[in-house]
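K.L.:
Quick one: the structure is below, and I'll ask about it shortly.
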Amino acid sequence: MEIFVQQLINGLTLGSIYGLIAIGYTMVFGIIGMVNFAHGDVFMLSAFIALIFFLILTTWLGISSVVLALFFVLIIAMVLTSLWGWAIERIAYRPLRGSFRLAPLISAIGVSIFLSNFVQVAQGARNKPTPPMVQDVIVLFQGESGYNVALSYKQIIIMVVTAVLLSIFWYVVQKTSLGRAQRACEQDRKMAALLGINVDRTISLTFVIGASLAAVAGTMYLLYYGVVSFNDGFVPGVKAFTAAVLGGIGSLPGAVLGGLIIGLIETFWSAYFSIEYKDVAAFSILAIVLIFMPSGILGRPEVEKV
Amino acid sequence: MRWLQDPILDVQHLTMRFGGLVAVNDLSFQAGRGDITALIGPNGAGKTTVFNCITGFYKPSEGMVALRKPDGSHLLLERLPGYDINWKGKVARTFQNIRLFSGMTVLENLLVAQHNPLMIASGFTFLGILGIGGYRKAEKEAIEKAKYWLEKARLMHRADDPAGDLPYGDQRRLEIARAMCTDPLLLCLDEPAAGLNPRESLELNELLLSIRKDNGTSILLIEHDMSVVMQISDHVVVLDYGTKISDGAPVEVRNDPKVIAAYLGVADEEVEKVEAEIGA
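Chains as they are written, first to last, in my numbering: chain A, 187 to 492; chain B, 5 to 284.
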């Protein structure tokens, strides 16, 4: 029981990070029908940006309050990563928009390789640790065997920040004109242009939003694990993509739900079975779900009108 | 001949080629300000191609499409990027096959059409989220305008339903309402009466006449339904095989032997007689 509650907490934390990344995949897929394979590396890049600015703020500028430092780091990481997201779309995807379907996909793989190699060269190939940031824990209750069920402050920060940013994001997509334009472009880009919507700009803003949510995930990842390396974009990226597919690609609540499910499967499998096979478990569940629900959990099945 | 004195749309020597096929050949015509101008012609005459050139769907191979603003300045539509034709040029259009955002509600469809003013009011969303600026007021006004058009298109009771769930006739009217929400100077309608029953068709005529009267929007329409064309249009342009064969008031056009020949064809023994009549 104690282990179950503890793993539930851990799984939800990990799942919210996956969910944040998954939104970037699902939004871009929704609006231009392309899998942005570079998104995982954008996430990794944002973790590096967060690391660098955390060190600058704490050691050079001497901000002693970790929470304050994290707040600034989060904002800086979101802004800079958004710029990267915007630039990637502008340079690598937009020129290929009129091209055949696979062209932007290949370009995305290229960007992914570029980003991980760029970070490897610029920051070195070794794991980069941060000084421990938030270490306090709250002991929720103590089990009979002496096992403490703990909720750490950083887990609280991660879940709260995720929840707040997801609600802002949800508001943007559902209630603002930008969100309506995005949904309109998803359905019929040419018609949206005929109503005066600048489709290219809307797509750019989609990339910016996706990248800034990835930056939140990157900062939270750094806070959680305290270490980041140049190839950390790949596995979380693939898992977040899996989460997006599992939840139904194109569906925003689906992406978050898929992220939480993947996070929970992974932690529970590690706790009760074997930690070496945790990725196998996550991807097997994906395969099983897709066999029985090909459009994902919350995805709309494609109806062909005749 | 009002359309020659104060045209809102001036199409000069428009040519559109697809490979070797000439869909529109050296077409020139004017649409008068405040007029309802009908573009008619047999199937395959190139009417929709002309529309696509005017609204930026195609880049014309040759020619000029000028929109004259009320202040006398004019704008060359064929040089604008697609979205500016609506935003700067104030030209809106509907399609032969309805293109609503079927997954969004009726109201949202009308709000999407007011995207640009809302984006400006909300400081590209960023200020809007922070609650700075007149976003709320702008959103309220946008909803008011949407309501006005819902009322006019008699769709008020369906405002929160997905647009795709509406019956066909309602979808047609919603598409016109959505185009009108962009405040166009010129509204281009591609077969608005297609598939409507006689009663719906009559309602459509009333809607179009009231748009012209109350909102001062000029209308350019493609139509096969001759009752619609003859009843409401002030000016008719007839196309056949991509060239203009007749241009004038409905009565003149109806009695033009070239038009009759294009629409009905002529019997073999009459070819020479008709050709002599039309001077071919």
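Each residue gets a CB set at the ideal place from its N, CA and C atoms; glycine is no exception.
Can you give me the C-alpha to C-alpha distance between residue 218 of chain A and residue 388 of chain A, rounded to a whole angstrom?
P.N.:
11 Å
K.L.:
Please report the distance separating the alpha-carbon of residue 221 of chain A from that of residue 277 of chain A.
P.N.:
16 Å
K.L.:
Can you give me the start and stop residues for the alpha helix (DSSP H) that residue 173 of chain B sits inside?
P.N.:
172–184
K.L.:
Does residue 366 of chain A have its Cβ less than 8 Å from a Cβ in chain B?
P.N.:
yes
K.L.:
If contact means a Cβ-Cβ distance below 8 Å, which residues of the stretch 258–277 of chain A contact chain B?
P.N.:
none
K.L.:
Curious, which full-length alpha helix (DSSP H) runs of at least 4 residues does the stretch 301–330 of chain A contain?
P.N.:
none
K.L.:
Look up residue 41 of chain B in the DSSP assignment and give the residues it is bridged to.
P.N.:
B:224 and B:239
K.L.:
Do residue 189 of chain A and residue 410 of chain A have their C-beta atoms closer together than 8 Å?
P.N.:
no
K.L.:
Check whether the stretch 323–331 of chain A touches the stretch 251–261 of chain A, taking contact to mean three or more Cβ pairs, one atom from each stretch, closer than 8 Å.
P.N.:
no
K.L.:
In three-state DSSP terms, what is residue 155 of chain B?
P.N.:
helix
K.L.:
So, with DSSP's three-state summary, where would you put residue 216 of chain B?
P.N.:
helix
K.L.:
Along chain A, in chain order, which residues have C-beta atoms closer than 8 Å to that of residue 106 of chain B?
P.N.:
373
K.L.:
What are the boundary residues of the beta strand (DSSP E) that residue 11 of chain B is part of?
P.N.:
11–22
K.L.:
Let me know the secondary structure DSSP gives residue 118 of chain B once reduced to three states.
P.N.:
coil
K.L.:
Comparing alpha-carbon positions, which option in B:11, B:30 and B:212 lies nearest residue 249 of chain B?
P.N.:
B:30
K.L.:
Which first and last residues belong to the beta strand (DSSP E) in which residue 375 of chain A is found?
P.N.:
Counting along the chain, residue 375 of chain A falls outside any beta strand (DSSP E), though it belongs to the alpha helix (DSSP H) covering 375–380.
K.L.:
Answer yes or no: do residue 377 of chain A and residue 103 of chain B have a C-beta to C-beta separation smaller than 8 Å?
P.N.:
yes
K.L.:
So, residue 89 of chain B versus residue 81 of chain B, is the Cβ gap smaller than 8 Å?
P.N.:
In this structure, residue 81 of chain B lies closer than 8 Å to residue 89 of chain B by Cβ.
K.L.:
Inspect the beta-carbon positions of residue 421 of chain A and residue 315 of chain A and report whether they are closer than 8 Å.
P.N.:
no
K.L.:
With a CB to CB cut of under 6 Å and the five nearest residues on each side skipped, what residues in its chain are close to residue 106 of chain B?
P.N.:
167 and 168
K.L.:
Taking residue 440 of chain A as the reference, which of A:196, A:212 and A:197 has the closest Cα?
P.N.:
A:212
K.L.:
How many whole angstroms separate the CB atoms of residue 183 of chain B and residue 191 of chain B, which I take to be in contact at a CB cut-off of 8 Å?
P.N.:
Contact flag correct, Cβ pair sits at about 6 Å.
K.L.:
Enumerated in chain order, which unbroken segments of the alpha helix (DSSP H) with a length of 4 residues or greater are wholly contained in the stretch 74–121 of chain B?
P.N.:
Whole alpha helix (DSSP H) segments, 4+ residues: 86–91 and 110–116.
K.L.:
So the candidates are B:28, B:269, B:98 and B:83; which of them puts its Cα closest to the Cα of residue 227 of chain B?
P.N.:
B:98
K.L.:
Am I right that residue 207 of chain A and residue 400 of chain A are in contact with their C-beta atoms under 8 Å? What's the rounded C-beta distance?
P.N.:
6 Å
K.L.:
Please report the residue range of the beta strand (DSSP E) in which residue 256 of chain B lies.
P.N.:
Looking at the DSSP string, residue 256 of chain B is not in any beta strand (DSSP E); the run it does join, the alpha helix (DSSP H), is 254–258.
K.L.:
What are the residues in the stretch 196–207 of chain B lying within 8 Å of chain A by C-beta distance?
P.N.:
none
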